[in-house]
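Structure first, then comments.
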Amino acid sequence: ISLAGGTATFSNAQAGVAKVVISSGMSLSGTAIANYNLTGVATTIANINKAIIIVTAEEKTKVYGEADPLFTYTFEPALVGTDTFTGALSRRNGEDIGTYAINAGTLNAGTNYTIAFVSADLGITIKAITVTANPGQTKVYGDIDPVLSYTVVPALIGSDILGGALSRTAGENIGSAYAI
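Per the working numbering, residue 169 is the first one in the sequence shown, and the count goes up by one each step.
Structure (structure tokens):
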């Protein structure tokens, strides 16, 4: 005797423990079926385990002082049906030149998934600046040199300051130009 046909279904497709499984449409088959009367198939319980989704952050870079780029990722396997991710990746705090780990942040795929996260790094690189001596600077013969002025492009970030001072080619002859 064997049980033939029919279906067994969970009450819903959400992951969980000790979920009710309902059976229907089953019948007996075999040479001795006349000896038995199938009056029902017992309801049972089973588990639906969460699917494991591997999310891999993508490496990113930015220049010192710029806003963070959008942190992106790849994932596998695909989510089921219309399931989607919510939330976003984040990173370790810091704005100085260096490397900062990108982490899972608030990324979530819902209660049917466990995210296995593979981190990547955000690299903050040096900001290039140009220091240009202001034109037309002069001094009076015999006086000490004035403080030489300059402009910085692009501007420095926040409270950053440029240290040091400009200097010029040595010399005191009137009418001569001396490179700053």
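All residues carry an ideal CB built from backbone N, CA and C; glycine is no exception. Just so it is clear, the structure is predicted and the values come from calculations on it, not from any experiment.
Exercise for the section: Count the other CB atoms, across all protein chains shown, that sit within 10 Å of the CB of tyrosine 204; report buried if there are 16 or more and exposed otherwise. Expected result: Per the 10 Å Cβ criterion, exposed.
Problem - Option in Lys218, Arg260 and Asp264 with minimal Cα separation from isoleucine 270 - result: Ranking the options by Cα distance to isoleucine 270, first place goes to Arg260.
Problem - Beta-carbon contacts of serine 317 that lie in its chain and below 6 Å, excluding the five residues immediately before and after - result: Asn302
Practice task
Determine contact between the region 171-189 and the region 209-217, defined as no fewer than three beta-carbon pairs at a distance below 8 Å.
Solution key: yes
Practice task
Can you say whether alanine 277 is buried or exposed, counting buried as having 16 or more other CB atoms within 10 angstroms of its CB?
Solution key: Burial state of alanine 277 is buried, judged by a 10 Å Cβ sphere holding 16 or more other Cβ atoms.
Handout entry: C-beta atoms of tyrosine 241 and alanine 225 nearer than 9 Å
Key = yes
Handout entry: leucine 324 - containing beta strand (DSSP E), residue span
Key = Premise fails: leucine 324 is in no beta strand (DSSP E) and is neither H nor E.
Exercise for the section: With distances taken Cα to Cα, identify the nearest neighbour of serine 309 among Val223, Ala338 and Asp328. Expected result: As written in the sequence, residue 309 is tyrosine, which differs from the serine given in the question. Nearest C-alpha to tyrosine 309: Ala338.
Exercise for the section: Assign alanine 296 to one of three DSSP states: helix, strand, or coil. Expected result: Three-state result, alanine 296: coil.
Handout entry: asparagine 215 in three-state terms, based on DSSP
Key = strand
Exercise for the section: Just grab the DSSP bridge partners of aspartate 354 for me. Expected result: Absent from the model: residue 354. The displayed extent of the chain is 169 to 348, so no value can be given.
Handout entry: Where alanine 235 sits in the DSSP three-state scheme
Key = coil
Exercise for the section: Would you check if there are 3 or more beta carbon pairs closer than 8 Å linking the region 289-302 to the region 317-330? Expected result: They touch, by the three-pair rule.
Handout entry: valine 286 versus valine 231 - alpha carbon distance
Key = 24 Å
Problem - With 16 other Cβ atoms within 10 Å as the buried cut-off, status of lysine 365 - result: Past the boundaries of the shown model lies residue 365; the chain is included only from 169 to 348, so the question cannot be answered.
Exercise for the section: Report yes if the C-beta distance between alanine 272 and valine 223 is below 9 Å; otherwise report no. Expected result: yes
Exercise for the section: Would you list the one or two residues that DSSP bridges to isoleucine 283? Expected result: Ile221
Handout entry: Integer Cβ distance of leucine 196 from alanine 172, believed to fall under 8 Å
Key = That belief holds up - the Cβ atoms of leucine 196 and alanine 172 are roughly 7 Å apart, short of 8 Å.
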